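**Q**
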Amino acid sequence: MKPIFASGIALFSIATYFAVAMPKSTVPAAEDTTPSRVLLTWGNDPATTAVVTWRTEAVSGGAELQYAVASADPRFVSNTSSAKAVSQNVDLAEGGSAYYHTASLTGLKPDTRYSYRVGDGVKWSEWYDFKTASSQPKPFTFVYFGDAQNDIKSMWSRVVRQSAKDAPYADFMLHAGDLINVAEADHEWAEWFYAGGWLHATVPSIATPGNHEYKNGLSKLWRPQFHYPHNGVAGLEDTNYYFDYQGARIISLNSNEKTAEQAVWLDKILDAAKANWVIVTFHHPMYSTANGRDNKALRELWLPILLKHKVDLVLQGHDHSYGRMNLPSGVSTKKGTTYLVVSVSGPKQYNVGDDAKDRMTKLGEYKQLYQVIRVAPDTIKYEARLATGELYDSFEIKK
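Encoded structure:
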């Protein structure tokens with residue numbers, strides 16, 4: 010998956026972050042071409058590519074991204090390159106429409122810090138910094154969030170901010186689905202972007218969709234916002250994909266549809282993996298932590314493949330409680346090489362189920378959590394932390 014949030018980039022003080030990180034309004038005024046909701050992801054190779062998406066409320070002619078190798082000398086702005094954006098107008102379920110823009114960068118230098126801004130030549134974002142991945146195995150840190158989903162601005166934002174204290178140099182964020190509650194609710198997406206503020210623009214996000222990103226199909230706001238490699242099952246673009254990142258293969262599965270096709274794909278992708286570590290994320294868990302939420306059909310499809318290939322970490326969401334188990338075979342053993350984690354970062358919480366009490370190594374309920382995961386060539390160190398910062402669970406995997 011360097012203690013969040015700017016790969017190798019020193020952040021301002023936490024006090025400064027609290028004072029200025031969040032915009033005063035979640036949605037720009039109508040007819041405004043000021044960039045908002047800026048999000049950083051990758052293309053096929055995190056070492057040499059970057060993809061940035063953003064939004065404007067009105068048509069933004071000539072939308073583009075300007076970038077340069079980062080420098081302390083502010084004159085870097087006179088020696089920038091430019092990437093034209095692909096723009097689309099999206100009708101919003103809550104009324105009106107908005108323009109979404111996607112700019113892709115290729116041919117970047119590995120392990121290099123860049124500065125960029127987005128705009129249309131008249132109105133620009135501020136300059137943001139990010140760092141490309143190394144092309145070689147190298148230690149890295151990421152933060153994993155279970156479902157944010159509800160009361161995102163008022164309650165989830167505190168989790169993101171606390172994680173920024175505990176992992177100020179995280180290389181990316183991983184979201185295991187249900188980022189919002191209602192798939193097409195634009196105001197909820199506005200809250201999600203507000204909660205992360207400029208972190209979304211400086212720390213790449215890996216996101217997989219949950220059931221709440223679906224309503225008569227995948228939210229029409231998903232793909233304009235999240236761009237990922239198109240190396241998964243056809244028809245699941247930007248939801249089913251994988252990256253190789255500094256010695257780890259990181260895989261996103263879409264547990265909402267085409268699960269059998271993804272099982273075949275997953276077996277092939279894992280068979281070809283040469284990475285030190287394999288980390289898989291999807292929304293619906295192999296084993297539920299709550300009563301009445303068993304995903305038997307999905308488990309029968311995917312779990313044998315995960316165990317066959319000895320996947321190291323499986324990061325899930327959906328059940329609004331916390332559970333962690335390692336499972337080589339059967340359902341009651343507590344020793345093995347594949348660690349399955351279910352977590353929740355938002356305020357919606359469920360009681361843990363009776364079956365989970367017999368199965369899980371660690372269980373928790375009514376706790377907002379985030380996970381800091383540090384990956385080195387020979388170890389993975391996992392920490393689950395409470396919204397208030399205290400350590401709740403931890404383990405270490407050694408090769």
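Just add 9 to wherever you are in the sequence shown, counting from 1, and you've got this note's numbering. Just so you know, even glycine gets a beta-carbon here, dropped at the ideal spot from N, CA and C. On a predicted model such as this, the values are computed, not experimentally measured, just so you know.
For a test of the three-state rule: what should DSSP assign to residue 258, helix, strand or coil?
**A** strand
**Q** Confirm, please, whether the CB-CB distance from residue 94 to residue 111 is below 7 Å.
**A** yes
**Q** In the DSSP output, which residue or residues are listed as bridge partners for residue 215?
**A** 183
**Q** Is residue 197 helix, strand or coil when you go by DSSP?
**A** In this structure, residue 197 counts as helix in the three-state DSSP scheme.
**Q** Would you mind listing the alpha helix (DSSP H) stretches within the region 248-304 that are 4+ residues and don't spill past its ends, in chain order?
**A** 268-281
**Q** Check whether the region 229-244 touches the region 114-127, counting contact only when three or more Cβ pairs, one atom from each stretch, lie closer than 8 Å.
**A** When C-beta atoms of the region 229-244 are compared with those of the region 114-127, fewer than three pairs fall below 8 Å, so the two segments do not count as touching.
**Q** Could you tell me how far apart the beta carbons of residue 201 and residue 218 are, in whole angstroms, since I believe they sit closer than 8 Å?
**A** At roughly 13 Å, the Cβ-Cβ gap does not stay under 8 Å, so residue 201 and residue 218 are not in contact.
**Q** Considering only the alpha carbon of each residue, which of 364, 100, 147 lies closest to residue 386?
**A** 147
**Q** Per DSSP, residue 107 is paired with what?
**A** 99
**Q** Could you have a look at residue 380 and say whether DSSP puts it in helix, strand or coil?
**A** Strand at residue 380.
**Q** Tell me whether residue 125 is buried or exposed, calling it buried when 16 or more other Cβ atoms sit within 10 Å of its Cβ.
**A** By the C-beta density criterion, residue 125 is buried, having at least 16 other C-beta atoms within 10 angstroms.
**Q** With distance defined between alpha-carbon atoms, name the residue in 382, 355, 133, 260 nearest to residue 70.
**A** 133
**Q** Apart from the five residues just before and just after residue 398, which ones in its own chain have a Cβ nearer than 8 Å to its Cβ?
**A** 171, 174, 175
**Q** How big is the Cα-Cα spacing for residue 286 and residue 256?
**A** The straight-line gap from Cα to Cα measures roughly 7 Å.
**Q** Cα separation between residue 389 and residue 183?
**A** So the two alpha carbons sit approximately 16 Å from each other.
**Q** Under 7 Å between C-beta atoms, does residue 400 make it to chain B?
**A** The question asks about chain B, but that chain is absent: this structure has only one protein chain.
**Q** What first and last residue would you give for the alpha helix (DSSP H) that runs through residue 168?
**A** 166-175
**Q** Since residue 63 is in the beta strand (DSSP E), which residue starts that stretch and which ends it?
**A** 59-65
**Q** Measure the C-alpha to C-alpha separation of residue 327 and residue 56 and round it to an integer number of angstroms.
**A** Cα to Cα, the separation comes out at about 31 Å.
**Q** In the DSSP assignment, what are the bridge partners of residue 423?
**A** Not covered by the structure: residue 423. The range shown for the chain is 10 to 408.
**Q** Would you call the CB atoms of residue 152 and residue 74 closer than 7 Å?
**A** Going by C-beta atoms, residue 152 is not nearer than 7 Å to residue 74.
**Q** Alpha carbon to alpha carbon, what distance is there between residue 41 and residue 346?
**A** 52 Å
**Q** Considering just the uninterrupted stretch of the alpha helix (DSSP H) at residue 364, what are its terminal residues?
**A** Start and end: 363-368.
**Q** Any idea what DSSP makes of residue 311, helix, strand or coil?
**A** helix
**Q** Measuring CA to CA, which of 394, 297, 358 is closest to residue 366?
**A** That would be 297, whose Cα lies nearest to the Cα of residue 366.
**Q** When you compare each of 178, 192, 303 to residue 103 by their alpha carbons, which one comes out closest?
**A** 192
**Q** I need the straight-line Cα distance from residue 335 to residue 406, nearest angstrom please.
**A** So the two alpha carbons sit approximately 11 Å from each other.
**Q** So what's residue 222 in DSSP terms, helix, strand or just coil?
**A** helix
**Q** When DSSP labels each residue in this structure, what does residue 163 get in the three-state scheme?
**A** Here residue 163 sits in helix by DSSP.
**Q** Grouping DSSP H, G and I as helix and E and B as strand, with all else coil, what is residue 235?
**A** coil
**Q** Give me the Cβ distance between residue 220 and residue 249, rounded to the nearest whole Å; I'm assuming they're in contact under 8 Å.
**A** Not a contact, Cβ separation roughly 15 Å.
**Q** To the nearest angstrom, how far is it from the Cα of residue 300 to the Cα of residue 360?
**A** Taking the CA atoms as reference points, residue 300 sits about 8 Å from residue 360.
**Q** With DSSP collapsed to three states, give me the class of residue 319.
**A** coil
**Q** Is residue 245 buried or exposed, if buried means 16 or more other CB atoms sit within 10 Å of its CB?
**A** With 16 or more other Cβ atoms within 10 Å, it is buried.
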